[in-house]
Amino acid sequence: MSFHPQMEYAPAKFHKSARTLAEQGPAFAYTPENQARFDENVAHYPPDQRKSAVLYALYLAQSQQGYLTASAMSHVAQQIGCSAAEVEDVVSYYTMFFTKPVGTYVLNVCRTLSCALLGAERVTEEISAALNIKPGETDPTGTFTLIEVECLGACDRAPVVMVNDDWHERLGPDQVREFIENVRTRGAAAFTGCHLHKEVKA
Amino acid sequence: MAYEPILTSQIDQPGSSTLDFYVQRRRGYEGLRKALTLQPNDLIEQVKASGLRGRGGAGFPTGLKWQFVLKDTPKPKYICCNADESEPGTFKDHVLMERNPHLLIEGCAISCYAIGAKVAYIYIRGEFYHVQQILEAEIEKAYKAGFLGKNILGTGFDCDVFVHRGAGAYEAGEETALIESLEGKRAQPRIKPPFPAVAGLYQCPTAVNNVETLCNVPLIVLNGPEWFSAIGPEKNGGPKLFCISGHVKKPGVYEAPMSTTLRELVYDYAGGMLDDRPFKAIIPGGSSVPLLLPDQLDTPASFDGVQKAGSLLGSAGLIVLNDTVCMVWLAMNLLHFYRHESCGKCTPCREGTNWLSQLLERIESGEGRPKDLDLLFGVSNNIVGKTLCAFGDAAATPVLSTMKLFRAEYEAHVREGRCTLPAEWRAKHPVFAGH
Numbered sequence: 058m059s060f061h062p063q064m065e066y067a068p069a070k071f072h073k074s075a076r077t078l079a080e081q082g083p084a085f086a087y088t089p090e091n092q093a094r095f096d097e098n099v100a101h102y103p104p105d106q107r108k109s110a111v112l113y114a115l116y117l118a119q120s121q122q123g124y125l126t127a128s129a130m131s132h133v134a135q136q137i138g139c140s141a142a143e144v145e146d147v148v149s150y151y152t153m154f155f156t157k158p159v160g161t162y163v164l165n166v167c168r169t170l171s172c173a174l175l176g177a178e179r180v181t182e183e184i185s186a187a188l189n190i191k192p193g194e195t196d197p198t199g200t201f202t203l204i205e206v207e208c209l210g211a212c213d214r215a216p217v218v219m220v221n222d223d224w225h226e227r228l229g230p231d232q233v234r235e236f237i238e239n240v241r242t243r244g245a246a247a248f249t250g251c252h253l254h255k256e257v258k259a
Numbered sequence: 002m003a004y005e006p007i008l009t010s011q012i013d014q015p016g017s018s019t020l021d022f023y024v025q026r027r028r029g030y031e032g033l034r035k036a037l038t039l040q041p042n043d044l045i046e047q048v049k050a051s052g053l054r055g056r057g058g059a060g061f062p063t064g065l066k067w068q069f070v071l072k073d074t075p076k077p078k079y080i081c082c083n084a085d086e087s088e089p090g091t092f093k094d095h096v097l098m099e100r101n102p103h104l105l106i107e108g109c110a111i112s113c114y115a116i117g118a119k120v121a122y123i124y125i126r127g128e129f130y131h132v133q134q135i136l137e138a139e140i141e142k143a144y145k146a147g148f149l150g151k152n153i154l155g156t157g158f159d160c161d162v163f164v165h166r167g168a169g170a171y172e173a174g175e176e177t178a179l180i181e182s183l184e185g186k187r188a189q190p191r192i193k194p195p196f197p198a199v200a201g202l203y204q205c206p207t208a209v210n211n212v213e214t215l216c217n218v219p220l221i222v223l224n225g226p227e228w229f230s231a232i233g234p235e236k237n238g239g240p241k242l243f244c245i246s247g248h249v250k251k252p253g254v255y256e257a258p259m260s261t262t263l264r265e266l267v268y269d270y271a272g273g274m275l276d277d278r279p280f281k282a283i284i285p286g287g288s289s290v291p292l293l294l295p296d297q298l299d300t301p302a303s304f305d306g307v308q309k310a311g312s313l314l315g316s317a318g319l320i321v322l323n324d325t326v327c328m329v330w331l332a333m334n335l336l337h338f339y340r341h342e343s344c345g346k347c348t349p350c351r352e353g354t355n356w357l358s359q360l361l362e363r364i365e366s367g368e369g370r371p372k373d374l375d376l377l378f379g380v381s382n383n384i385v386g387k388t389l390c391a392f393g394d395a396a397a398t399p400v401l402s403t404m405k406l407f408r409a410e411y412e413a414h415v416r417e418g419r420c421t422l423p424a425e426w427r428a429k430h431p432v433f434a435g436h
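Residue numbers (my numbering), protein chains in the order written: chain A, 58 to 259; chain B, 2 to 436.
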């Protein structure tokens, strides 16, 4: 069987959904601060459109727990006033939500054209080798998670790595090991940040 | 290069993002003050007369877009600012929001007044969290100074501006997908019509405008439509930001009128080719547009000029390629992107991008078969024009364009069973080390 006369039938290669049920996790509720933040944000939208705040609500849950569990999604659904399935639907679509624990530093290496032209593929390789993990994995110490992402919108600063919500710009393949060591010892201070941001602060 | 930047003037100065700087050094909020003395319809007429064309990619006249927004309706109206800048090779809105955020905030307020909206949502991509923090802090200052909120400047006009953070989806840059995402759903496009001007956010009349477009609005109001249309060629007026990346010495955002040629942008503004290697091709408008060759470099970088040369200005993301770039690899890299970002709503795009990506990987790794080239062409043509939004066409473009201009490279890959670039380039250049 084949969907096209010229295409071979190779079930392993079909674009299949990799959907697995999210881990249930411990009982979840917002901290009072996060609850206040959510209540403030949801007021940006008309009273009958609370669902607009779902992305914000998920970011809050993720910042509180590190990743999203089924309990967290149910809590978000309760806050929004929709079904948990609707929340899971959203979580499964967007790339910035994690349904598994991630490391302290999530290294999102941009792999799209402008970054790739300046060696992004090598950057990923070097990180992989330095940490002994493949893209999508977390190292055994739980410090780093490596993810290959698509265009981050900083093509003039290629190759770019987004680390959690921060940026590290112009990370050449030969600087990777030094960078990793730097992050280990100095933490977030090792990131260059966004060049525009820095000059404004200066 | 006698041109003086307008949108990006003084952005290298410390504190250029602050309200004080904007008011004192950039005639800040004078445009809003002036706009509020005009009738909304006159404002729309002014924007129409200026010939301002949307900076997000399509180049659609902004004044017309606003005019289409339904007037006689009891429903509220909305402005959605598209700050989901995710077209590969584009990073101009980032600079504007980071260094000149009040220009955008003022633009949002004026646009709201023009179409009769009371709320503007700035949909910013999740990866721009550092930009969002600046933007939110500056919006708060604008509220305190009375440029936003209730009864702005004592005119009785109310306007709120909120920032909405996306969560990583290229498709959210499509206007109806952006609206869906703002409504808290998956960012998937809607069937058009109805267009957002009739039934957009929460099924209410909505105008979706790019950041750079809205940033031009205060300037038009302040200096008049004639001033605006006099910059650059006819029908392509106004200041324009160009994002230059790839194999150039000084990648970055450059402001220029649209009469500037691609050659000037690459060799004068961006300092020429990296390591002085020969120029091979350029993608003039973000990854979704056809490539242009060296003999087309004298094309003016305007919407009409680039279109005449056989490509599109799109979001003005210029990606410059030197002779070490393998075109099959380039198509493979971009199709990896499109495969990943396809929202999955329309079958031709969801399945087609996956097929194209696999076929290109096969050819690039040296396992391509002669019939694969026809298959690439066939699959691409089965995507073009068969999807709800422009994503499908965009995804097929890198394949169709490289196959048209560099077919010999594809054939050589298949014939020789390997990537055909000289071995020393592959070894030296980081890109090819992984081959």
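All C-beta atoms in this analysis are idealised placements derived from N, C-alpha and C, irrespective of residue type, glycine included.
Of all alpha-carbon atoms in Cys327(B), Asp299(B), Ala271(B) and Cys109(B), the one lying nearest the alpha-carbon of Thr214(B) is that of Cys109(B). Nearest neighbour of Glu184(B) by Cα position, chosen from His254(A), Ser109(A) and Ala79(A), turns out to be Ser109(A). For a Cβ distance threshold of 7 Å, residue set Glu207 of chain A lies close to His341(B), ordered along the chain. Under the three-state reduction of DSSP, Glu227(B) is assigned to helix. In this structure, Lys76(B) sits near Pro206(B), with a CB-CB distance shorter than 8 Å.
For Glu128(B), the neighbours in chain A by C-beta distance under 7 Å run, in chain order, Leu209, Gly210 and Met219. Secondary structure at Tyr122(B): strand, using DSSP grouped into helix, strand and coil.
In this structure Lys346(B) is buried. Its beta-carbon is surrounded by 16 or more other beta-carbon atoms within 10 angstroms. Under the Cβ criterion of 8 Å, Phe248(A) is not counted among the residues facing chain B.
Residue contact check for Pro89(B) against chain A: a CB pair falls below 8 Å.
Minimum Cα-Cα distance from Lys405(B) among the listed residues Ala391(B), Leu422(B) and Asp375(B) corresponds to Asp375(B). In this model, Leu154(B) and Val218(B) are separated by some 19 Å (Cα to Cα). Inter-segment contact for the region 193-206 of chain A and the region 157-176 of chain A is present: three or more beta-carbon pairs are separated by less than 8 Å. DSSP, read as helix, strand or coil, puts Phe158(B) in strand. In this structure, the straight-line span from the alpha carbon of Gly123(A) to that of Gly60(B) is close to 41 Å.
Contact between the region 276-291 of chain B and the region 311-324 of chain B is present, with at least three C-beta pairs closer than 8 Å.
Ile192(B) counts as exposed, since fewer than 16 other C-beta atoms from the protein chains shown sit within 10 angstroms of its C-beta. Taking C-beta separations shorter than 8 Å and ignoring five residues to either side along the sequence, the partners of Arg278(B) in its chain run His248, Asn323, Asp324 and Thr325, following chain order. Spatial neighbours of Met328(B) in its own chain (CB-CB distance under 7 Å, excluding positions within 5 residues in sequence) are listed in chain order as Thr403, Phe407 and Glu410.
Ser171(A) belongs to the set of residues whose beta carbon lies under 8 Å from a beta carbon in chain B.
Close partners of Pro103(A) in chain B (Cβ separation under 7 Å): Tyr203. Taking 8 Å as the upper bound for CB-CB distance, Ser358(B) and Arg340(B) are in contact here, some 4 Å apart.
Beyond the five residues adjoining it in sequence on each side, Ala170(B) comes within less than 6 Å, by CB distance, of Ala188 in the same chain, given in chain order. Between Ile364(B) and the set Leu331(B), Arg351(B) and Gly393(B), the nearest pair of CA atoms involves Leu331(B).
Boundaries of the alpha helix (DSSP H) harbouring Lys66(B): Thr63 to Phe69, taken from the DSSP string. No residue range can be given for Met259(B), since it is assigned to no beta strand (DSSP E) and is classified by DSSP as neither H nor E. Secondary structure at Tyr124(A): coil, using DSSP grouped into helix, strand and coil. In this structure, Leu170(A) places its C-beta atom within 8 Å of the C-beta atom of Leu335(B). For the region 108-122 of chain A, the set of residues with a beta-carbon nearer than 8 Å to any beta-carbon of chain B comprises Lys108, Ser109, Ala110, Val111, Leu112, Tyr113, Leu115 and Tyr116, in chain order. In this chain, the alpha helix (DSSP H) harbouring Lys93(B) covers Lys93 to Arg100. In the DSSP assignment, Asp105(A) is bridged to no other residue. Inter-segment contact for the region 40-47 of chain B and the region 261-279 of chain B is absent: fewer than three beta-carbon pairs are separated by less than 8 Å.
The beta carbon of Phe95(A) does not come within 8 Å of any beta carbon belonging to chain B, so the residue lies off that interface.
Considering only Pro252(B), Glu235(B) and Cys82(B), the residue with the shortest C-alpha distance to Val164(B) is Cys82(B).
Secondary structure note for Ile320(B): its beta strand (DSSP E) is the uninterrupted segment Gly318 to Asn323.
Contact annotation: Gln11(B) and Arg26(B) have beta-carbon atoms nearer than 8 Å.
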